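Comments concern the structure below.
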Amino acid sequence: MRVIMAPCTKEKQSLEPWILEDLGAGYVLLDIKEELSKKREGYLEPDFEMQLGEEQIEALGLLNEAPIIFATIGVRQISSKVSSYYEIKRERWQNKEALLKEGPIWISCYSEQSFLASELIKTIRLLIEQAKALKKIAIIYLDSKPKESYFTCRSLTYKCINELLVGEKHIVLQIMRDEDIGACYLPSEKNFEPYENHFIYDKSYSKLMTKAIKKLTKKRTLVTQESLYQDLFYEQIPMSEKLYLPLQNNFKNKLSEQVGLNTILLGQDFYAIYDTKANIEQQRNDLKDYVMPQWTLPLVAQIPIHKSNDLYINENNVVTNAFKYRGEGVYIGIVSVEGVDWEEPLLRTSQGKTRISCIWEQEQADKGIYYTAATINTALEAEKILSDSRSEATFLLGLAGGKQGYYEAPASKAEFLVAKIKPATRNVQQLYGGEPHPLVALVPDVLIGAYKLIELAKLNQKPLVLYLPYHYLLEGMEGVNKYDRIFNELSHQPGLTIIMPVGEEADKKHRWLIEEGSSKEVRIQTKEEKLNIVGMICSEKAEVFQASLQLLGNETQRICIEEQGIYQTTAGKVESSGLKWDYHSGQIVIRFRIEQHTQSTWQLYLRTEDNKELRLSVSLCEQPVNPEATLSSWTALNTANPAPAKWGTMGVGSFDTKALVVRGGSGRAKHTNQTGLSCVAEGRASIRLKEQNEILCLEGTAIAASLVTGVVATLYSKWQQEKGKAYPNTKMMQRWIERQLTHLPNQTYPHFSQGSGILDLKKLEATLIAPLE
7 MRVIMAPCTK EKQSLEPWIL EDLGAGYVLL DIKEELSKKR EGYLEPDFEM QLGEEQIEAL
67 GLLNEAPIIF ATIGVRQISS KVSSYYEIKR ERWQNKEALL KEGPIWISCY SEQSFLASEL
127 IKTIRLLIEQ AKALKKIAII YLDSKPKESY FTCRSLTYKC INELLVGEKH IVLQIMRDED
187 IGACYLPSEK NFEPYENHFI YDKSYSKLMT KAIKKLTKKR TLVTQESLYQ DLFYEQIPMS
247 EKLYLPLQNN FKNKLSEQVG LNTILLGQDF YAIYDTKANI EQQRNDLKDY VMPQWTLPLV
307 AQIPIHKSND LYINENNVVT NAFKYRGEGV YIGIVSVEGV DWEEPLLRTS QGKTRISCIW
367 EQEQADKGIY YTAATINTAL EAEKILSDSR SEATFLLGLA GGKQGYYEAP ASKAEFLVAK
427 IKPATRNVQQ LYGGEPHPLV ALVPDVLIGA YKLIELAKLN QKPLVLYLPY HYLLEGMEGV
487 NKYDRIFNEL SHQPGLTIIM PVGEEADKKH RWLIEEGSSK EVRIQTKEEK LNIVGMICSE
547 KAEVFQASLQ LLGNETQRIC IEEQGIYQTT AGKVESSGLK WDYHSGQIVI RFRIEQHTQS
607 TWQLYLRTED NKELRLSVSL CEQPVNPEAT LSSWTALNTA NPAPAKWGTM GVGSFDTKAL
667 VVRGGSGRAK HTNQTGLSCV AEGRASIRLK EQNEILCLEG TAIAASLVTG VVATLYSKWQ
727 QEKGKAYPNT KMMQRWIERQ LTHLPNQTYP HFSQGSGILD LKKLEATLIA PLE
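Residues 7 to 779 in our numbering are what the sequence shown lists, from first letter to last.
In structure tokens, the structure reads:
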């Protein structure tokens, strides 16, 4: 007869010949004669029969609770939501590869007929092992029961399953009336009991699910081994994801040979590892002394161009011979996730040849394809499609240096360099940005694209005006990280001016500066369901604070996010890094993420200890990745530490030169050094592109920065012709641009919203004519 025996070392040794299988937790399955079983000292139980239920069920809210494995044991479940099937008696998987997918998984463990108690134990042990391997929690619904009622609940089989669950977060659910739970239970010897029951019972399936979700709401953390960075968000990045890992300056090339990881040059002796997270983790002990002490993965978004219904013609829209220099011998470069429309007449000569000297298209990290002018011209003649067409980068280059028909930009004789980079992957964007967007990129990819164009300009001994139309989303908002320092070094190179728009992210209700009171609360409002929201709270004076988050009106699910963890609520999952010192800013910060399932309003409570005044900033990840999420309280006229303030680049804001006011969304802050704002320029222009009869009227900060890009190219032309090749760098060119600015009366400069002044094309015209001092 087949019996299950409880742990008993002495008995187990003597019964070795009859052991069929080890069931786990010290329990074994034996096949012995009945008379032999009566002589045993250890607890024995027949391998009884489990009777199948007949219920086809719904997972209800459980499949919204990630990361979990929801498993059903009983009949085969017929549902499109089932990920994999496991046949209990044959121990056979169907569609097992689906277990590797991210998010919640439903496994239907089934049998065509009744199965045995030992098979139940083995199935549950298998599910627990799978959950451990996948770093998920198993919620197991047992839709079967012992055929003989006296084996229900307090049998040896149930005790074995409970002992498999000791120390785990996993849950087993079973429909059971209260009066049936202990109906067949008789107290036995003390060494058998007591034991903790990890089963959850209820007479209703829906109530079982409610209890399971409630239990999941309690704080839980990922089951991970020690990793290179003890960071909740880093730990959730899939092992297959390729990551950039900037190295400290004491990095030696020999290290890459020793550990076998892929190393790339980011620019001027700055190196980074670029490899899968799995490979990085394998070598973490060798890397700890060489990598930065804190993990960071900054994202930037390409600043959009806005279309206007107003036809607007300003000085740089009309062909004129007033500009003595038009960007001759100068490169205008752009790094974009879109690429450019190389067929666009704006970017071609009057003979139809391209003015694009080279396009570098990223394939992976620093590897990519070069399209030279010769290749592009051949494609133009053959009308062969080379790369992307129709992009905002095309507009921006055209506004800086294009020429077609009535339209002529300031640098209409410059050549163009283009780097097309990859957008950030969906995995990374969901963790560090919010809703994935095609115009979001990793800062290291922007840096690689910029460095490729800088090297091309050096190779051809021409100055480069590099336009980077990006703003930080969140991670780079506070402090100065390694990538910021690399960009700052590059901006000091002679013959290079880097220009960026400033402040497009201002006034989107995504940032709140708190400078008074000992407690505050703010709502995070969403307009759509299934939004992914990422935010950050910073203590500007590095003081410890308390923060909690809850669904509006639901006090029972208030989460203390100053503690690191993953929390489940009825409306979504909340992840928090907990209070941490930020290596880059010296502040104490909390990074949090809400992966919500329903349209919701979240209440954020903030307070200090001992009634001290709050000095905090609350930020949501910027548009476009959190477009439908806003704060109920926000700080107006504020730009959150944009890249130009830290990259050493020239920041340009948008201005209305007719109404003499700063346009909405331009760079603003209490102090100019918080934005990196150098100047403002006209932020509206009209342009006609190929195959379009209508004139496009465009506006925004990106338009203003594009105009200044063209202006700087004309100044480089003047310098080249009159001074030679000892070209100015970004800082020197910034001072030269200040001479082309005008000021409004009764204003003090530098101005919080105008920088050093307003670009005046009439002054530029005079500068280009006058001899260079």
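Glycine residues also receive a C-beta, built at the ideal position from the N, C-alpha and C atoms. Predicted model, so just to flag it, every value in this text is computed and none were measured.
- Query: Just reading off the alpha helix (DSSP H) that P650 is part of, what are its end residues?
  - Reply: Position 644 of the sequence shown, counted from the start, is the residue given in the question as residue 650. Its alpha helix (DSSP H) spans residues 650 to 653.
- Which of the three DSSP states, helix, strand or coil, is assigned to L21? The residue given as residue 21 occupies position 15 in the sequence shown. Of the three classes helix, strand and coil, the one that applies to L21 here is coil, per DSSP.
- Task: Would you kindly check if the distance between the Cβ of V631 and the Cβ of S307 is under 8 angstroms?
- Result: As a first step, residue 307 is located in the sequence shown; it is residue number 301 there, counting from the start. As a first step, residue 631 is located in the sequence shown; it is residue number 625 there, counting from the start. It is worth fixing the name first, because residue 307 is Ala in this sequence and not Ser. Yes, Cβ-Cβ distance for A307 and V631 is below 8 angstroms.
- Query: Can you tell me the Cα-Cα spacing of N322 and H757, whole angstroms?
  - Reply: In the sequence shown, residue 322 corresponds to position 316, counting from 1. In the sequence shown, residue 757 corresponds to position 751, counting from 1. In this prediction, N322 has a pLDDT of 42, which is less than 50 and means its spatial position is unreliable; nothing more can be read from the coordinates.
- Query: Leaving out the 5 sequence neighbours to the left and right, which residues in its chain are closer than 8 angstroms to T360 when beta-carbon positions are compared?
  - Reply: By 1-based counting over the sequence shown, the position of residue 360 is 354. Result list for T360: W348, L353, R354, A379, I382, N383, L386, in chain order.
- Item | Pairwise C-alpha distance: S210 and Y184 | Reading the sequence shown from its first residue, position 178 is the one you call residue 184. Reading the sequence shown from its first residue, position 204 is the one you call residue 210. For the record, residue 184 in the displayed sequence is Asp; it is not Tyr. In a straight line, the C-alpha of D184 is about 11 angstroms away from that of S210.
- Can you check whether the CB of T736 is closer than 8 angstroms to the CB of G654? Along the sequence shown, read from residue 1 onward, the residue named residue 654 stands at position 648. Along the sequence shown, read from residue 1 onward, the residue named residue 736 stands at position 730. Their beta carbons are under 8 angstroms apart, which means G654 touches T736 by this criterion.
- Look at the Cβ atom of I127, then the Cβ atom of C166, and state whether they are nearer than 8 angstroms. Start at 1 with the first residue of the sequence shown, and residue 127 comes out as number 121. Start at 1 with the first residue of the sequence shown, and residue 166 comes out as number 160. Taking a C-beta distance under 8 angstroms as the contact criterion, I127 and C166 qualify as a contact pair.
- Just curious, the alpha helix (DSSP H) that P450 is in, first and last residue? Within the sequence shown, the letter at position 444 stands for residue 450. Taken as a continuous stretch (DSSP letters only), the alpha helix (DSSP H) holding P450 covers 449 to 465.
- Task: Count the C-beta pairs between the stretch 147 to 155 and the stretch 91 to 106 that are closer than 8 angstroms, then say yes if the count reaches three, no if not.
- Result: Using a Cβ-Cβ distance cut-off of 8 angstroms, the stretch 147 to 155 and the stretch 91 to 106 are not in contact, since fewer than three pairs of beta carbons, one from each stretch, lie closer than that value.
- Just grab the DSSP bridge partners of M7 for me. By 1-based counting over the sequence shown, the position of residue 7 is 1. Partner(s): none; M7 has no beta bridge.
- Query: Terminal residues of the continuous alpha helix (DSSP H) containing N285?
  - Reply: Translated into positions along the sequence shown, residue 285 becomes position 279. Per DSSP, the unbroken alpha helix (DSSP H) holding N285 starts and ends at 283 to 288.
- Message: With distance defined between alpha-carbon atoms, name the residue in L474, A65, V595 nearest to A708.
- Response: As a first step, residue 708 must be located in the sequence shown, where it is residue number 702. Distance check between A708 and each of L474, A65, V595 places L474 closest, using alpha-carbon atoms only.
- Item | Nearest-angstrom Cα separation, counted from N560 out to P193 | By 1-based counting over the sequence shown, the position of residue 193 is 187. By 1-based counting over the sequence shown, the position of residue 560 is 554. A caution first: P193 carries a pLDDT of 48, below 50, which makes its placement in the model unreliable, though a value can still be read off. Taken atom to atom, the span from the alpha-carbon of P193 to that of N560 is near 43 angstroms.
- When you compare only the Cα positions, how much space is there between D766 and L774? The count along the sequence shown starts at 1 and reaches residue 766 at position 760. The count along the sequence shown starts at 1 and reaches residue 774 at position 768. Near 13 angstroms, if we compare the C-alpha coordinates of L774 and D766.
- Y337: which of L620, M245, L140, V717 sits nearest, CA to CA? For the purposes of this step, residue 337 is taken as the residue at position 331 of the sequence shown. A check of alpha carbon separations from Y337 across L620, M245, L140, V717 identifies V717 as the nearest.
- Item | Supposed contact pair G682 and P648 - C-beta distance, whole angstroms, cut 8 angstroms | Here residue 648 corresponds to residue number 642 of the sequence shown, with the count starting at 1. Here residue 682 corresponds to residue number 676 of the sequence shown, with the count starting at 1. Rounded, the Cβ-Cβ distance is 6 angstroms, consistent with contact.
- Message: Here's a check: name, in chain order, each residue in its chain whose Cβ is nearer than 8 angstroms to the Cβ of K729, leaving out the five neighbours to either side.
- Response: As a first step, residue 729 must be located in the sequence shown, where it is residue number 723. Excluding residues within five positions, the ones whose Cβ falls inside 8 angstroms are L778.
- Query: So, using beta-carbon positions, are I143 and K175 closer together than 8 angstroms?
  - Reply: Position 137 of the sequence shown holds residue 143. Position 169 of the sequence shown holds residue 175. Closer than 8 angstroms, so yes.
- Item | Close beta carbons around G80, own chain, < 6 angstroms, minus the five adjacent residues each side | Position 74 of the sequence shown, counted from the first residue, corresponds to residue 80. For G80, the CB contacts under 6 angstroms within the same chain, skipping 5 residues up- and downstream, are L58, G59, D149, S150 in chain order.
- Can you name, in chain order, every residue of its own chain whose Cβ lies under 7 angstroms from the Cβ of W587, other than the five neighbours on each side? Numbered from its first residue, the sequence shown carries residue 587 at position 581. Cβ within range, chain order: I594.
- Item | Meets three-Cβ-pair contact criterion under 8 angstroms: the stretch 550 to 565 and the stretch 267 to 280 | Short answer: they don't touch.
- Message: Looking at the strands, I want to know which residues DSSP matches up with H477.
- Response: Sequence index remark: in the sequence shown, residue 477 carries index 471 (1-based). In the DSSP output, where bridge partners are listed per residue, H477 has A307.
- Could you work out which residue in E287, P252, Q467 is closest to Q236 when comparing CA atoms only? Here the question's residue 236 lines up with position 230 in the sequence shown. The alpha carbon of Q236 has as its nearest neighbour, out of E287, P252, Q467, the alpha carbon of E287.
- Message: I75 and I113 - do their beta-carbons sit closer together than 8 angstroms?
- Response: Against the sequence shown, residue 113 aligns to sequence position 107. Against the sequence shown, residue 75 aligns to sequence position 69. Yes, the Cβ-Cβ distance between I113 and I75 is below 8 angstroms.
- Query: In terms of residue numbering, what span does the beta strand (DSSP E) encompassing Y376 cover?
  - Reply: Within the sequence shown, residue 376 is the residue found at index 370, counting from 1. From DSSP, the beta strand (DSSP E) with Y376 extends over 373 to 378.
- Query: Under a three-way DSSP split, which group does K213 fall into?
  - Reply: Locating residue 213 in the sequence shown gives position 207, counting from the first residue. Under the three-state reduction of DSSP output, K213 falls in the helix class.
- Give every residue of the same chain whose Cβ lies closer than 7 angstroms to the Cβ of V88, excluding the five residues on either side of it in the sequence, and list them in chain order. Taking the first residue of the sequence shown as position 1, residue 88 is located at position 82. For V88, where only same-chain residues beyond five positions count, the Cβ hits under 7 angstroms are W112, S114.
- Message: List, from N- to C-terminal side, the beta strand (DSSP E) runs of 3 residues or more that fit wholly inside the stretch 526 to 611.
- Response: Within the stretch 526 to 611, the complete beta strand (DSSP E) runs of at least 3 residues fall at 538 to 545, 551 to 557, 571 to 574, 578 to 582, 594 to 602.
- Among the residues of its own chain, which have a CB less than 8 angstroms from the CB of I427, if the five just before and after it don't count? Numbered from 1 along the sequence shown, position 421 holds the residue referred to as residue 427. For I427, where only same-chain residues beyond five positions count, the Cβ hits under 8 angstroms are V341, S342, V343, Q368, A447, D451, V452, I454, G455.
- Query: How should R597 be labelled, buried or exposed, when 16 other C-beta atoms within 10 angstroms of its C-beta is the threshold for buried?
  - Reply: By one-based count along the sequence shown, residue 597 stands at place 591. So R597 counts as buried.
- Query: So, helix, strand or coil for G404, using DSSP?
  - Reply: The residue you call residue 404 lines up with position 398 of the sequence shown. If DSSP states are grouped into helix, strand and coil, G404 belongs with the helices.
- Report back the beta-carbon spacing between A687 and P507 to the nearest angstrom; my notes put them in contact at under 8 angstroms. As a first step, residue 687 is located in the sequence shown; it is residue number 681 there, counting from the start. As a first step, residue 507 is located in the sequence shown; it is residue number 501 there, counting from the start. Contact between A687 and P507 fails: their C-beta atoms lie close to 10 angstroms from each other, not under 8 angstroms.
- Go to I743, then tell me how far its alpha helix (DSSP H) extends in each direction, as first and last residue. For this step, residue 743 is matched to residue 737 along the sequence shown. Judged by DSSP secondary structure, I743 falls within the alpha helix (DSSP H) whose first and last residues are 736 to 744.
- Query: Whose C-alpha, out of L293, S120, Y457, A406, is nearest the C-alpha of G689?
  - Reply: Translated into the one-based positions of the sequence shown, residue 689 becomes position 683. Nearest option by C-alpha distance: A406.
- With respect to the alpha helix (DSSP H) encompassing K165, which residues constitute its N-terminal and C-terminal limits? By one-based count along the sequence shown, residue 165 stands at place 159. First-last of the alpha helix (DSSP H) with K165: 162 to 170.
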